[in-house]
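Before any comments, here is the structure.
Protein chains: 2
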Amino acid sequence: MIQRIHHINFIVRDLVSAIPAWERILDREVTSCDQLEERGVDIARFDLGQTWIVLVQPTRSGTVPAAHLEQHGEGFFLMSLETDSLQDEVGRLGEAMFDGVERGGLDDWQVRDVDVAGMFGVRVQLVESDGS
Amino acid sequence: MIQRIHHINFIVRDLVSAIPAWERILDREVTSCDQLEERGVDIARFDLGQTWIVLVQPTRSGTVPAAHLEQHGEGFFLMSLETDSLQDEVGRLGEAMFDGVERGGLDDWQVRDVDVAGMFGVRVQLVESDGS
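If you read the protein sequences in the order shown, they are chains A and B. Under our numbering, think of the first position of the first sequence as 1, with each following residue one higher. Under our numbering, think of the first position of the second sequence as 1001, with each following residue one higher.
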C-alpha cells in the first residue's frame, strides 16, 4: 500500500550554497549529510515531519543524477513514495512499470524506480524502509 | 512554523490522460476535480495522507502554469509548505523572499510564492489553511 511521500529529491550543483537557503526557508537545520558513492552523489537531508527533503549533488559524470542536472539544470529530481512492501507493489503494477532493478538508498531504504516515460514527466520511485 | 509538505503540483497537458496513470501508481482514486478560473487551470487532486498530490492542467495561455508548461514541459511545478501563519513566515523571511502577493488556492488555502530565483531551481510556496 502506498502510504505517503517518503522523500523528495532536488538536484543542486553545490550543496554548500544550497543548504543555507533551504535551512532558511524550512526554518530548521540540515539533519545530516551523506555520500552515496555507487550513485555518484553527495546528499543533504532535512526532516520535514513525515517526509525527507533531500538535496542531491552529483559528484561525477555518467550517472543518472548527473545526466539529469546536465539536461534539466537544478530543481526537482524525483518523488519517492513509501510502501510497506516493494514486492507487493511490483506484483500489483507489473515489472514493465519499472526501470532497472531494486537498489539501496540511504540508511535501510530499498528503492525501485518507476519508468519515467509513463508518468507525464515525473520521476517516481517506490521505497520500502523499516526505519526512517 | 513550517510543518509539512501540504501539496505538490505537477503540470500535465491533459488531465483525462494523466489521472488514470496516477490512480494506478498511487493505488487510489482521484479525490476531486476542480477549476481555478483566475489561475487558468483545471485541477485533480489525490489525498496521500498528509499531502495532496495535485495535477494541474493549464486551460489558457498567459498564465504562470501555462508558461511553465511551455518552457519546461510536463512535470514538477511547485511544492507548497504548510505553515500555521503566513504572516509570521513573511515576517521571518522578509518580503523580498517572495514573488507577488498573497492569493487564494483551492478550498481555504491562502498561498504566497517564494521567489524562485533563490531556491536553486525549485518553485516553493507557503500555504496556510485551517482545514484540509
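By construction, the Cβ of each residue, glycine as well, lies at the ideal position given by its N, Cα and C atoms. The structure presented is a predicted model; accordingly, all values stated were derived computationally and were not measured.
- Spatial neighbours of B:Asp1047 in its own chain (CB-CB distance under 8 Å, excluding positions within 5 residues in sequence) are listed in chain order as Arg1028, Thr1031.
- At the C-beta level, A:Val127 and A:Leu81 come within 8 Å of one another.
- Scanning A:Arg45, A:Gly75, A:Ala96 for the CA closest to the CA of A:Gly118 turns up A:Ala96.
- With a cutoff of 8 Å on beta-carbon distance, B:Gly1049 and A:Gln87 are scored as not near each other.
- Within 10 angstroms of the beta-carbon of B:Pro1065 lie 16 or more other beta-carbons, which makes it buried.
- Per DSSP, the beta-bridge partners of A:Asp47 are A:Trp52.
- Separation of B:Gly1091 and B:Ala1067 (C-alpha to C-alpha, rounded to the nearest whole angstrom) is 30 Å.
- Looking at the DSSP output, B:Glu1082 shares a beta bridge with B:Arg1004, B:Val1127.
- Put simply, the CB of A:Asp47 is far from chain B, with every gap to its CB atoms at 8 Å or more.
- Interface annotation, B:Gln1035: not in contact with chain A, CB-CB separation never under 8 Å.
- A:Ile53 is positioned such that its CB atom lies closer than 8 Å to that of A:Trp22.
- A:Asp99 is positioned such that its CB atom lies closer than 8 Å to that of A:Val116.
- A distance below 6 Å between beta-carbons, with the five flanking residues on each side excluded, links B:Ser1061 to no residue of its chain.
- B:Asp1099 is bridged by DSSP to B:Asp1113.
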